[in-house]
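Q: As they're listed, the protein sequences go chains A and B. Sequential numbering from 795 applies to the first sequence in this note's numbering. Sequential numbering from 136 applies to the second sequence in this note's numbering. By construction, the Cβ of each residue, glycine as well, lies at the ideal position given by its N, Cα and C atoms. Let me begin by handing over the structure; questions about it come next.
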Amino acid sequence: GQQVMQIPQYQHVQEGEDFTTYCNSSTTLSNIQWYKQRPGGHPVFLIQLVKSGEVKKQKRLTFQFGEAKKNSSLHITATQTTDVGTYFCAGQNNNDMRFGAGTRLTVKP
Amino acid sequence: NAGVTQTPKFQVLKTGQSMTLQCAQDMNHEYMSWYRQDPGMGLRLIHYSVGAGITDQGEVPNGYNVSRSTTEDFPLRLLSAAPSQTSVYFCASSYSGGAGANVLTFGAGSRLTVL
Chain A
795 GQQVMQIPQY
805 QHVQEGEDFT
815 TYCNSSTTLS
825 NIQWYKQRPG
835 GHPVFLIQLV
845 KSGEVKKQKR
855 LTFQFGEAKK
865 NSSLHITATQ
875 TTDVGTYFCA
885 GQNNNDMRFG
895 AGTRLTVKP
Chain B
136 NAGVTQTPKF
146 QVLKTGQSMT
156 LQCAQDMNHE
166 YMSWYRQDPG
176 MGLRLIHYSV
186 GAGITDQGEV
196 PNGYNVSRST
206 TEDFPLRLLS
216 AAPSQTSVYF
226 CASSYSGGAG
236 ANVLTFGAGS
246 RLTVL
């Protein structure tokens, strides 16, 4: 079945440093989504990528979808303490949406 | 709008007991799903439904039953609880087509402990 791998599992950065998490699917995806979960909270939708090679930006966050629609990345420029949380990618194939294991980001002020 | 409402928030069960986690959404979403979240394993899909009367298995369906008699409700039943089912459970819903399709709205979660 479809598998979605996400690395790294943990990332600890100094405030102001950049952060990147990578997501790779075993199958071609119809779309990929990114979610953020604050400690003790529930996942909250950030963005959806649909087109091959798509790049989208939200302020300091840049999301990319690979040309083969099997991988994706989330890059945060100049992290802030408000960026703390776990970032999940979720790959969709038909009605089956599979999540990566998540990357837990901690930021040292 | 309440969005996705899950009850209970916390539950402790003994091995072998049964229970139902409730999930209700008021957004008229066609698609509803249940995930479990365990440390280091992300969110794993248990069951999902694309509309009333239709359900299907996800990645980890064993030990769980679902039904979808209305668009609004999607309860998750644990038939005979086992310690391996100790987890945080999230219900999520989405539109199936049009603007905002497939974007999941999650409930606040239900933390289940099986002793």
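From T897 (chain A) to E861 (chain A), what does the alpha carbon distance come to, in whole angstroms?
A: Within the first sequence, residue 897 (chain A) is the residue found at index 103, counting from 1. Within the first sequence, residue 861 (chain A) is the residue found at index 67, counting from 1. Those two C-alpha atoms are separated by around 23 Å.
Q: Is the shortest distance between the beta-carbon of L211 (chain B) and the beta-carbons of chain A less than 8 Å?
A: By one-based count along the second sequence, residue 211 (chain B) stands at place 76. Chain A, which has no Cβ nearer than 8 Å to the Cβ of L211 (chain B), makes this no.
Q: Report, in whole angstroms, the separation of the C-beta atoms of L156 (chain B) and P210 (chain B), which I expect to be a contact under 8 Å.
A: As a working mapping, residue 156 (chain B) is identified with position 21 in the second sequence. As a working mapping, residue 210 (chain B) is identified with position 75 in the second sequence. Contact flag correct, Cβ pair sits at about 7 Å.
Q: Between which residues of its own chain and V807 (chain A) is the CB-CB distance below 8 Å, once the five residues before and five after are set aside?
A: For the purposes of this step, residue 807 (chain A) is identified with residue 13 of the first sequence, where counting begins at 1. Correct list, in chain order: F813, T873, L899, T900, V901, K902.
Q: Hey, is E165 (chain B)'s beta-carbon within less than 8 Å of any beta-carbon in chain A?
A: Taking the first residue of the second sequence as 1, we reach residue 165 (chain B) at position 30. No - not a single Cβ of chain A is within 8 Å of the one on E165 (chain B).
Q: Checking contacts by CB at 8 Å: is N197 (chain B) closer than that to chain A?
A: In the second sequence, residue 197 (chain B) corresponds to position 62, counting from 1. Not closer than 8 Å to any Cβ of chain A, the Cβ of N197 (chain B) fails to qualify, so no.
Q: Count the other C-beta atoms from every protein chain shown that fall within 10 angstroms of the C-beta of K863 (chain A), then say buried if there are 16 or more, exposed otherwise.
A: What you label residue 863 (chain A) is simply residue 69 of the first sequence in a count that begins at 1. When all chains shown are included, K863 (chain A) counts as buried.
Q: Can you list, in chain order, the residues of its chain with a C-beta nearer than 8 Å to that of S846 (chain A)? Leave out the 5 residues immediately preceding and following it.
A: The residue labelled residue 846 (chain A) in the question sits at position 52 within the first sequence. Within the same chain, S846 (chain A) has close Cβ partners F859, G860, E861, A862, K863.
Q: Who pairs with A227 (chain B) in a beta bridge, going by DSSP?
A: By 1-based counting over the second sequence, the position of residue 227 (chain B) is 92. Bridge partners of A227 (chain B): B:S168, B:F241.
Q: When burial is assigned at 16 or more other CB atoms within 10 Å of the CB, is V838 (chain A) buried or exposed?
A: Counting from 1 along the first sequence, the entry for residue 838 (chain A) is found at position 44. With fewer than 16 other Cβ atoms inside 10 Å of its own Cβ, V838 (chain A) counts as exposed.
Q: Alpha carbon to alpha carbon, how far is N163 (chain B) from L868 (chain A)? Give it in angstroms, no decimals.
A: To locate residue 868 (chain A), count along the first sequence from 1; it is residue 74. To locate residue 163 (chain B), count along the second sequence from 1; it is residue 28. When only Cα atoms are considered, L868 (chain A) and N163 (chain B) end up about 31 Å apart.
Q: Give me, in chain order, the residues of the same chain whose beta-carbon lies closer than 7 Å to that of G198 (chain B); leave out the 5 immediate sequence neighbours on both sides.
A: As a position in the second sequence, residue 198 (chain B) is number 63, starting the count at 1. L213, L214, A217, Q220.
Q: Rounded to whole angstroms, what is the Cα-Cα separation between C883 (chain A) and L840 (chain A)?
A: For the purposes of this step, residue 883 (chain A) is identified with residue 89 of the first sequence, where counting begins at 1. For the purposes of this step, residue 840 (chain A) is identified with residue 46 of the first sequence, where counting begins at 1. Cα to Cα, the separation comes out at about 10 Å.
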